[in-house]
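Student: One structure, pasted below without further comment.
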Amino acid sequence: GAGVSQSPSNKVTEKGKDVELRCDPISGHTALYWYRQSLGQGLEFLIYFQGNSAPDKSGLPSDRFSAERTGGSVSTLTIQRTQQEDSAVYLCASSLLRDEAGGYEQYFGPGTRLTVT
Amino acid sequence: SQQGEEDPQALSIQEGENATMNCSYKTSINNLQWYRQNSGRGLVHLILIRSNEREKHSGRLRVTLDTSKKSSSLLITASRAADTASYFCATDEEGGGADGLTFGKGTHLIIQP
Numbered sequence: 003g004a005g006v007s008q009s010p011s012n013k014v015t016e017k018g019k020d021v022e023l024r025c026d027p028i029s030g031h032t033a034l035y036w037y038r039q040s041l042g043q044g045l046e047f048l049i050y051f052q053g054n055s056a057p058d059k060s061g062l063p064s065d066r067f068s069a070e071r072t073g074g075s076v077s078t079l080t081i082q083r084t085q086q087e088d089s090a091v092y093l094c095a096s097s098l099l100r101d102e103a104g105g106y107e108q109y110f111g112p113g114t115r116l117t118v119t
Numbered sequence: 006s007q008q009g010e011e012d013p014q015a016l017s018i019q020e021g022e023n024a025t026m027n028c029s030y031k032t033s034i035n036n037l038q039w040y041r042q043n044s045g046r047g048l049v050h051l052i053l054i055r056s057n058e059r060e061k062h063s064g065r066l067r068v069t070l071d072t073s074k075k076s077s078s079l080l081i082t083a084s085r086a087a088d089t090a091s092y093f094c095a096t097d098e099e100g101g102g103a104d105g106l107t108f109g110k111g112t113h114l115i116i117q118p
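The listed protein sequences derive, respectively, from chains V and D. Quick note: the first sequence uses the numbering used here, first residue 3, plus one each step. Quick note: the second sequence uses the numbering used here, first residue 6, plus one each step.
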């Protein structure tokens with residue numbers, strides 16, 4: 003079946019511009035996650051959606067970052083007034099809904115490589 | 006600071022040898038997961054081990070978990086050139102802390118043909 007898809011695969015933008023990244027999760031996966039990976043680093047957790055709601059937005063790096071999810075499916079991550087330090091690969095993942103026992107394995111998309119010049 | 010810390014940061018071995026990577030973490034967890042990443046893009050889930058499990062196998066992979074030492078190891082037996090990748094451990098923290106996984110910086114594994 004189809005995996006997690008992300009678009010665009012690459013994005014080059016000028017400093018100060020807004021960008022919108024899209025994630026299409028696996029059908030039936032209620033949980034959706036956004037991560038950021040800087041060059042040679044591990045993944046930094048940004049935000050988690052349970053259905054359409056994000057219980058905790060504290061992982062977002064600054065108020066220039068926002069994310070939404072509609073219809074329990076597609077999610078968009080928006081970065082306003084981009085800065086050079088925003089350059090990274092942005093990865094989206096989806097999984098079955100977390101329960102009291104914790105989470106499940108996450109399925110990752112191929113990522114969007116964002117370069118801010 | 007990073008929850009998961011992999012050790013070593015880089016590992017180069019000959020094809021056919023076994024590769025062992027270690028991971029240490031700081032908090033109580035629900036489960037620990039290992040992922041592989043090729044070419045700096047999407048991650049592939051390898052194995053999940055829950056906090057009440059001590060060892061788990063999947064094909065050529067063997068994962069151990071020691072919650073008393075807050076550590077895990079990933080063993081890849083009979084390595085192949087295709088195993089060349091970065092390997093990350095990730096923890097699912099207990100108690101509703103971070104809702105996402107907390108990743109280490111990874112071990113870059115190179116299998117020499």
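Note that beta-carbon positions come from the ideal geometry of N, C-alpha and C, so glycine has one too. Since this is a predicted model, take the numbers as computed values, not measurements.
If A90 (chain V) sits next to Q52 (chain V), beta carbons under 8 Å apart, how far is it from one beta carbon to the other, in whole angstroms?
Tutor: Between Q52 (chain V) and A90 (chain V) the Cβ distance is about 24 Å, and since that is not below 8 Å, they are no contact.
Student: Residue range of the beta strand (DSSP E) that L16 (chain D) falls in?
Tutor: Unbroken beta strand (DSSP E) run through L16 (chain D): A15 to Q19.
Student: At least one CB of chain V closer than 9 Å to the CB of L70 (chain D): is that the case?
Tutor: Look at L70 (chain D): its C-beta is not under 9 Å from any C-beta on chain V.
Student: Between I28 (chain V) and the rest of its own chain, which residues show a CB-CB distance below 8 Å, the 5 nearest in sequence each way excluded?
Tutor: Within the same chain, I28 (chain V) has close Cβ partners G3, A4, G5, V6, S96 and Y109.
Student: Taking CB distances under 9 Å as the criterion, tell me whether Y40 (chain D) reaches chain V.
Tutor: Chain V, which has a Cβ nearer than 9 Å to the Cβ of Y40 (chain D), makes this yes.
Student: Between which two residues does the beta strand (DSSP E) carrying K17 (chain V) extend?
Tutor: Looking at the DSSP string, K17 (chain V) is not in any beta strand (DSSP E), and its letter there is neither H nor E.
Student: Quick check on A33 (chain V): does DSSP put it in helix, strand or coil?
Tutor: strand
Student: What residues of chain V sit near G111 (chain D), judged by a beta carbon separation below 7 Å?
Tutor: G44
Student: Report back the beta-carbon spacing between R71 (chain V) and L48 (chain V) to the nearest angstrom; my notes put them in contact at under 8 Å.
Tutor: Not really, about 13 Å apart at Cβ, beyond 8 Å.
Student: With H, G and I counted as helix, E and B as strand and the rest as coil, what does DSSP make of E120 (chain V)?
Tutor: Absent from the structure is residue 120 (chain V), since the part of chain V shown begins at 3 and ends at 119.
Student: Put D104 (chain D) into one of helix, strand or coil per three-state DSSP.
Tutor: coil
Student: Are the C-beta of V6 (chain V) and some C-beta of chain D separated by less than 9 Å?
Tutor: Yes - at least one Cβ of chain D is within 9 Å of the one on V6 (chain V).
Student: Using beta carbons (cut-off 9 Å, strictly below), is Q52 (chain V) in contact with chain D?
Tutor: At a cut-off of 9 Å between beta-carbon atoms, Q52 (chain V) makes contact with chain D.
Student: T96 (chain D) and Y30 (chain D) look like a contact to me (Cβ under 8 Å); what is the Cβ gap, rounded to whole Å?
Tutor: 5 Å
Student: Is it right to say G64 (chain D) is buried, meaning 16 or more other beta carbons lie within 10 angstroms of its own, or is it exposed?
Tutor: exposed
Student: What do you reckon, are the CB atoms on T107 (chain D) and E98 (chain D) nearer than 9 Å?
Tutor: yes
Student: Anything in the segment 42-64 of chain D with a Cβ closer than 7 Å to a Cβ of chain V? List those residues in chain order, please.
Tutor: G45, R46, G47, L48, H50 and L53
Student: Ignoring anything shorter than 3 residues, give me the beta strand (DSSP E) runs that lie fully in the segment 40-64 of chain V, in order along the chain.
Tutor: 45-52
Student: Based on the DSSP secondary-structure assignment, which residues constitute the bridge partners of E11 (chain D)?
Tutor: D:C28
Student: Is the CB of A95 (chain V) under 9 Å away from at least one CB in chain D?
Tutor: The beta carbon of A95 (chain V) falls within 9 Å of a beta carbon belonging to chain D, placing the residue at that interface.
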